[in-house]
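A short worksheet on the structure shown next.
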DNA sequence: CCGATCTTTGACAACGGTTCTCAACAAGCG
DNA sequence: CGCTTGTTGAGAACCGTTGTCAAAGATCGG
Ligand SMILES: [Zn+2]
Ligand SMILES: [Zn+2]
Ligand SMILES: [Zn+2]
Ligand SMILES: [Zn+2]
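Residue numbers (our numbering), protein chains in the order written: chain A, 3 to 133; chain B, 3 to 133.
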């Protein structure tokens, strides 16, 4: 279980690094193919889940259920504000909510608390463009 | 588009009313079949999406992507604290987060803000049972 | 009631994202 | 180099969900 470094794995990481916003496994796969650095789809999925496991990428569920991946600048726990039109992403830091979430859950006798907090909106650029 | 009242639709609503926790379409379908009030699976899906559309039920995405439905007591906007083992659900009211979410998003110049906030944990009963 | 109309139903096929399979392949190592 | 063992990839399988379309039934004017 040595986690070998292969052409495919580095290719996926590089592709992610060039993407500013959340992308699906299939979009990554397509992007790799387009640049000639072809990688099997199953391999892209495996690489992404390994990266997610290691907290190297963040995962987000689109409304249709598809998983979206992003290599965030921040390594620590954080949340996202995502433009639902163009995908522009802002990393959010929420000490307020963190405290709120664990307090509320503990008050109900729950343990091993996790939370899903994502913000969706329309960014200034998209609003201007839609005018 | 008159929304006719049929045996199947009332059956789905009744089943939901008897369920305290979030349930999948397939679980509902099975429950209906078990009680003899059989309804086609596609019909269960259609009834649920109509109810969700009308804000009569809340929809939640499980970690594996499956959609879960629940008829909450509260009709107004709220969130949920869900036991990831047994599904026990507590409705959560978060004036704190509501304010935080819109403030943060506005500060980034985003509009039409929506948020997804769900809490997951292990309830006291399940923790005791797992001992 | 009765039949015309038009929505709803349900068995089954199709869909789409994700995971599995397994033989061929290639890191890493001495 | 060869060996060992993790990795790859084409295609099949999986599974929740949605589409199909002929048959069933809710609604209503007459
Ligand atoms: Zn935008
Ligand atoms: Zn958090
Ligand atoms: Zn529980
Ligand atoms: Zn809220």
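C-beta: ideal position from N, C-alpha, C; glycine also.
Applying a beta-carbon distance threshold of less than 7 angstroms, which residues of chain B neighbour residue i?
i              : result
residue 92(A)  : 110
residue 113(A) : 123, 124 and 129
So which residues of chain A does residue i contact, with C-beta pairs closer than 8 angstroms?
i              : result
residue 106(B) : 83, 94, 96 and 121
Please determine whether the Cβ atom of residue i lies at a distance below 8 angstroms from any heavy atom of ligand 6.
i             : result
residue 76(A) : Absence of ligand 6 is noted for the structure shown, with ligand 1, ligand 2, ligand 3 and ligand 4 being the only ligands found.
In terms of residue numbering, what span does the beta strand (DSSP E) encompassing residue i cover?
i              : result
residue 60(A)  : 60-63
residue 8(A)   : Unbroken run through residue 8(A): none, as it is neither H nor E.
residue 85(A)  : 81-85
residue 123(A) : 113-124
residue 39(A)  : Where residue 39(A) is concerned, there is no enclosing beta strand (DSSP E), given that its DSSP letter is neither H nor E.
residue 93(A)  : 91-94
Using a beta-carbon distance below 9 angstroms, is residue i in contact with chain A?
i             : result
residue 74(B) : no
residue 12(B) : no
residue 99(B) : yes
residue 67(B) : yes
residue 19(B) : no
residue 63(B) : yes
residue 3(B)  : Here the model assigns residue 3(B) a pLDDT of 49, short of 50, so the residue's position is not dependable, and the following value carries that caveat. It does not; no Cβ of chain A falls within 9 angstroms.
Using a Cβ-Cβ distance under 9 angstroms, would residue i count as near chain B?
i              : result
residue 48(A)  : no
residue 124(A) : yes
residue 9(A)   : no
residue 116(A) : yes
residue 52(A)  : no
residue 103(A) : yes
residue 22(A)  : no
Below 8 angstroms on the Cβ atoms is my guess for residue i versus residue j; work out the distance and round it to an integer in Å.
i              : j              : result
residue 82(B)  : residue 120(B) : 6 angstroms
residue 37(B)  : residue 59(B)  : At roughly 19 angstroms, the Cβ-Cβ gap does not stay under 8 angstroms, so residue 37(B) and residue 59(B) are not in contact.
residue 1(A)   : residue 70(A)  : Here chain A comprises residues numbered 3 to 133, so residue 1(A) is not present and cannot be evaluated.
residue 41(B)  : residue 13(B)  : 6 angstroms
residue 124(B) : residue 112(A) : 6 angstroms
residue 106(A) : residue 94(B)  : 6 angstroms
residue 15(B)  : residue 30(B)  : About 10 angstroms separates the two Cβ atoms, so there is no contact after all.
residue 86(A)  : residue 122(A) : 5 angstroms
residue 17(B)  : residue 33(B)  : 5 angstroms
residue 102(A) : residue 99(B)  : 6 angstroms
residue 67(B)  : residue 67(A)  : 5 angstroms
Would you list the residues sitting across from residue i in a DSSP beta bridge?
i             : result
residue 26(B) : 70(B)
At what residues does the alpha helix (DSSP H) containing residue i begin and finish?
i              : result
residue 100(B) : 97-109
residue 46(B)  : 43-55
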